[in-house]
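Worksheet for the structure shown next.
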DNA sequence: CTCTTTTTTTCGAGCCTCGAAAAAAATAAT
DNA sequence: ATTATTTTTTTCGAGGCTCGAAAAAAAGAG
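Residue numbers (my numbering), protein chains in the order written: chain A, 1 to 411; chain B, 412 to 822.
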């Protein structure tokens, strides 16, 4: 239902806009805010002095790049780090980490541990997460009451309301409602997000020039994940986090996928699929649960060396990814692609066959726009995306309630 | 760039909201508008009396279903038909039609003609459209000055700004900038839209219960078109109208498609592909340009009769559509599907293999949500969608400037 | 020490929405 | 026929927000 705009929504929206501008642009002055938002000097002045009085923003000494000019110098505004504390938890294959961030988005404390997720029970996982959060809060000298929000990223599918992990390759367990569990335990709001979506959020924040309205992030690892931004908004499915690129069908009835079905892209392009093929095993053979990056590097080396089974395996993988991107581009038009994760180490081996496959499809029409950027390490991106998501939610809900955020899907 | 909300935007947005509510709900009273929009009685009263004074709305006798009750009777508000005139043009294979609508969305005058699009030159097409509009205006007793907007629907790909027909199967010509041409000729604003997208707009307006936030429309005919609504918004690509479902890849390197590539879904499920297969021709054979519905009906009859080549052809077609929907659903999650066009006449033959194929995919998980509705005649839907698009643009731009519409992609 | 320039704040005007009260228009009751 | 009741719609004053213009503040230039 579309609702009318109330009179008091005005101030809330404009407050949110100011906060968002400060978060995005670093430390803008009031004058810069005027040109960014299109609001008048008077309004910006009123809003920013309110926000400073409330402890959300603070005036900062404009550090180095101040141009020495005539006239009253501009006063830069920054986020007040003590305005809020948020938490992030990242749960990946065999790894669990948790981090405390201040309101300005800086890391306060961090914990990381190995965790055998593949044979962890439901309660093991929940217990490990809970224990780590408790220990982390002690490290940081905070209590749950100090925490305004927690954003958790998991490898796998989450629901569209960002409440639960629906399915994941990192453990046989499924449908774990982390948000409910952690909210009951700690009392602060919790959301559960897909890791690739958080990578997309982070890339957008890092390089808004390149990643703005439409782009794709592909996480190449054992599985294949995707984050998709369309028209500037993070894309999610109607029920789940969506964007299951790895499980689009490459060859109907084809190779056995980790998900139990046949012919998924992942069954050709996931690490396990490449290794299975290179080892000369049947593509119907049960895949290995985890292939380490070293093995993949070795296979990539073999493939670079000459025409062996490793090379054929990578070509097959590239084909699957390429035809998949072609089909995706047929739907959404071509867009820049960021390749993230261990798969970047062997990406040069796959790229020719990826491009060749895309060229065979309707999506290959505007191939000038199709470019691949590589980011080897996904962990910092996931962390950054989570923190940003949590902080933006605090911006909007706490300091400017009523505002509807732009990238809000499962805020 | 996100802009601040100005004070005068408030009234504009709320005006737009009131107009949109009247257009959607038929003839609501002021009291109903209060509950629809969440605005106060005073505000609704002020806005609606303004709109009546401006000749946009008008009070109407609430006709039949008035419940006889105590108290002052509600006064229904309706759209003033004379407030605006809009035009629609629909250009399909061998058919051109143009229609005049009043502001209330009722047809005033219509023209329709056969036109051999396949061997029409660029100038033939432009000339035919221009001539028909001129004749239609004479029929309706209007001048170009009376027309507030024209929305044109074409079979094929349009650009994302809705200015031009980029590619179409109905003629070898491409890149015809109809919007520029017609705007220069007639002076009113023109947009060019993809036919399937207009079908989606119409279905959403017709049955908002069923077609609301997420749904798919498939136009099964010689080619295969798609309209996609996600999160309540019409989906378009970054550069084009997007949603080229028919050209997602079903089998890499497979059957020859009308587009010249190999393995597209359309190359298995378009009418020409079914006929080619049923006739026992190679799937690399050059496809027929147009297969009439009668032939398809006959083939469907053969398929229903028993295990012949026709049956096999429809099964293959269903598979292609099913795997395609499965891949689509892997990305966006399952959604209701409306099947539109001549293909509905043989849909019962394909449905089992469609469902079977979807079940083999990751998109088959929530198969309870997957349902198929049939609409045999696409023409009224396209017309209705175009008219609605044009009228909503008039609502927003003329009578409530500054408001950002919900389904705005290429308004 | 004054002038100029630039940024930021202050102040009154003009809108807009809201709530409460009044007005309007019907049916029900006497 | 007249009054009471009920429901819808309009009117009116209050409060809040943004805006433009003017004032104040804070620096360098002369």
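All C-beta atoms, glycine included, are put in the ideal place defined by N, C-alpha and C.
| Asked | Found |
| --- | --- |
| Backbone CA spacing between residue 792(B) and residue 585(B) [nearest angstrom] | 25 Å |
| Burial state of residue 85(A), where buried means 16 or more other Cβ atoms lie within 10 Å | buried |
| CB contact below 8 Å: residue 410(A) versus chain B | For residue 410(A), the pLDDT reaches just 27, beneath the cut-off of 50, and the residue's location in the model is therefore unreliable, although a value from the coordinates is still provided. Closer than 8 Å: no. |
| Between the CA atoms of residue 261(A) and residue 241(A) - distance to the nearest angstrom | 20 Å |
| At least three beta-carbon pairs within less than 8 Å, the segment 567–574 of chain B to the segment 595–613 of chain B | yes |
| Span of the beta strand (DSSP E) around residue 638(B) | 635–641 |
| Where the segment 576–608 of chain B meets chain A: residues whose CB sits under 8 Å from a CB there | none |
| Buried or exposed by the 16-neighbour rule on C-beta atoms within 10 Å, applied to residue 661(B) | buried |
| Residues, ordered as in the chain, of the segment 439–459 of chain B that lie near chain A by beta-carbon distance below 8 Å | 447, 448, 449, 450 and 454 |
| Cβ shell of residue 302(A) (< 6 Å), same chain only, five flanking positions each side left out | 308 and 310 |
| Interface flag, residue 326(A) vs chain B, CB-CB below 8 Å | yes |
| Residues of its chain near residue 724(B), where Cβ-Cβ distance is below 6 Å and the 5 sequence neighbours each way are ignored | 685, 688 and 689 |
| Contact set between the segment 322–349 of chain A and chain B, restricted to residues whose Cβ is under 8 Å from the partner | 323, 326, 327, 328, 330, 331, 332, 333, 334 and 335 |
| Rounded C-alpha distance that separates residue 450(B) from residue 83(A) | 34 Å |
| Within chain A, the residues that residue 795(B) reaches when beta carbons sit closer than 9 Å | Within chain A, no residue comes near residue 795(B); the closest Cβ sits about 21 Å away, beyond 9 Å. |
| The segment 543–555 of chain B touching the segment 483–491 of chain B, judged by at least three CB pairs closer than 8 Å | no |
| Presumed contact (8 Å Cβ cut-off) between residue 509(B) and residue 543(B), rounded CB distance | 5 Å |
| is_contact[residue 771(B), chain A] using C-beta, thresh 8 Å | yes |
| For residue 254(A) and residue 263(A), believed in contact at Cβ under 8 Å, the rounded distance | 3 Å |
| Residues near residue 344(A) in its chain [Cβ-Cβ closer than 8 Å; skip 5 each side] | 220, 374, 375 and 376 |
| Cβ-Cβ separation, residue 248(A) to residue 327(A) (assumed contact under 8 Å), whole Å | 6 Å |
| Within chain A, the residues that residue 364(B) reaches when beta carbons sit closer than 9 Å | For chain B, the structure presents residues 412 to 822; residue 364(B) sits outside this window and is missing. |
| Minimum Cβ-Cβ distance from residue 704(B) to chain A less than 8 Å | no |
| Secondary structure of residue 386(A), DSSP reduced to three states | helix |
| Near-chain B residues of the segment 102–129 of chain A - C-beta to any C-beta below 8 Å | none |
| Residue 737(B), DSSP secondary structure in three states | helix |
| Length at least 3, wholly inside the segment 452–523 of chain B: the beta strand (DSSP E) runs in chain order | 468–471, 487–490, 496–503 and 506–513 |
| Close-in-space but distant-in-sequence residues of the same chain around residue 492(B) (CB under 6 Å, 5 per side omitted) | 513, 514 and 515 |
| Check whether residue 212(A) and residue 243(A) have beta carbons under 8 Å apart | no |
| Chain-order list of residues whose beta-carbon lies under 6 Å from that of residue 895(B) (same chain, five-residue window excluded) | For residue 895(B) there is no data in the structure shown, the boundaries of chain B being 412 and 822. |
| Which of helix, strand or coil DSSP assigns to residue 675(B) | strand |
| Interface partners of residue 416(B) on chain A, CB under 7 Å | 10, 13 and 14 |
| 4 or more residues per run - each alpha helix (DSSP H) lying fully within the segment 274–337 of chain A | 293–305 and 309–332 |
| Proximity test, Cβ basis, 8 Å: residue 360(B) and chain A | Since the displayed chain B opens at 412 and closes at 822, residue 360(B) lies outside it and no answer follows. |
| Chain A contact for residue 816(B) (CB, 8 Å cutoff) | Residue confidence for residue 816(B) is low, a pLDDT of 31 falling below 50, so the modelled location carries little weight; the figure read from the coordinates is stated next. It does not; no Cβ of chain A falls within 8 Å. |
| As assigned by DSSP and simplified to three states, the class of residue 525(B) | strand |
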